[in-house]
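Okay, structure first, notes after.
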């Protein structure tokens, strides 16, 4: 009986060691240019629970994102946070973006941003500084995909290297 318990424990121990979920801290941002709208259109995807934590720690707000009890101020705080942690530069100068809103897809929050009235033909570079969630999670990585005309480039941004730039000329 004792040997059966030991054997069972030896067989189950490796399985139990791998049941602890590894948490990934990542966001994915896509930056595209719309010729029709003459605007940079940006989508940022982040995990809802990670953003919940940032709202709580930075602003003391329980967002209850993606629930029926979602805070009426959630969009205000999401936009406020994005304005401090997400910066867009065109030709080396910071430009403002419009926060168009958000939606949820399973455990992901998708935020929609836009930089209107951009003449891409007169632009030489577009840069993104993305520090979203880096103040809360040390392991945070923010992937940025640029797609402008026939140019495509991707960056993986970390705390020590939080900027990506696409040269257009």
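In this note's numbering, the protein residues as written are 10 to 178.
Virtual Cβ for every residue (Gly too), placed ideally from N, Cα, C.
Quantities reported herein were computed from a predicted structural model and do not represent experimental measurements.
Looking only at DSSP bridge pairs, what is residue i linked to?
| i | result |
| --- | --- |
| residue 52 | 39, 121 |
| residue 175 | 135 |
| residue 166 | 151 |
| residue 157 | 160 |
Roughly how many angstroms separate the alpha carbons of residue i and residue j, rounded to a whole number?
| i | j | result |
| --- | --- | --- |
| residue 135 | residue 71 | 35 Å |
| residue 30 | residue 127 | Note that residue 30 has pLDDT 47, beneath the 50 cutoff, so the model's placement of it is unreliable and the number below is only indicative. Those two C-alpha atoms are separated by around 43 Å. |
| residue 140 | residue 42 | 22 Å |
| residue 129 | residue 88 | 25 Å |
| residue 133 | residue 53 | 23 Å |
| residue 45 | residue 73 | 36 Å |
| residue 82 | residue 69 | 12 Å |
| residue 137 | residue 78 | 33 Å |
| residue 125 | residue 146 | 31 Å |
| residue 173 | residue 151 | 10 Å |
| residue 36 | residue 149 | 8 Å |
| residue 102 | residue 131 | 13 Å |
| residue 115 | residue 80 | 18 Å |
| residue 153 | residue 66 | 25 Å |
| residue 93 | residue 144 | 11 Å |
| residue 85 | residue 60 | 13 Å |
Could you give the first and the last residue of the continuous alpha helix (DSSP H) run that contains residue i?
| i | result |
| --- | --- |
| residue 70 | Element bounds for residue 70: n/a, residue is neither H nor E. |
If you measure between the beta carbons of residue i and residue j, is that distance less than 8 Å?
| i | j | result |
| --- | --- | --- |
| residue 9 | residue 113 | A query on residue 9 cannot be resolved here, the shown segment of the chain reaching from 10 to 178 and no further. |
| residue 38 | residue 57 | no |
| residue 63 | residue 142 | yes |
| residue 97 | residue 166 | no |
| residue 175 | residue 162 | yes |
| residue 109 | residue 90 | no |
| residue 119 | residue 111 | yes |
| residue 123 | residue 106 | yes |
Query raised in the report: Of all the beta strand (DSSP E) runs that stay within the bounds of the segment 92-154, which reach a length of 3 or more residues?
Result: Residue ranges of uninterrupted beta strand (DSSP E) with 3 or more members, entirely inside the segment 92-154 and ordered along the chain, are 95-99, 102-104, 107-114, 117-124, 134-139.
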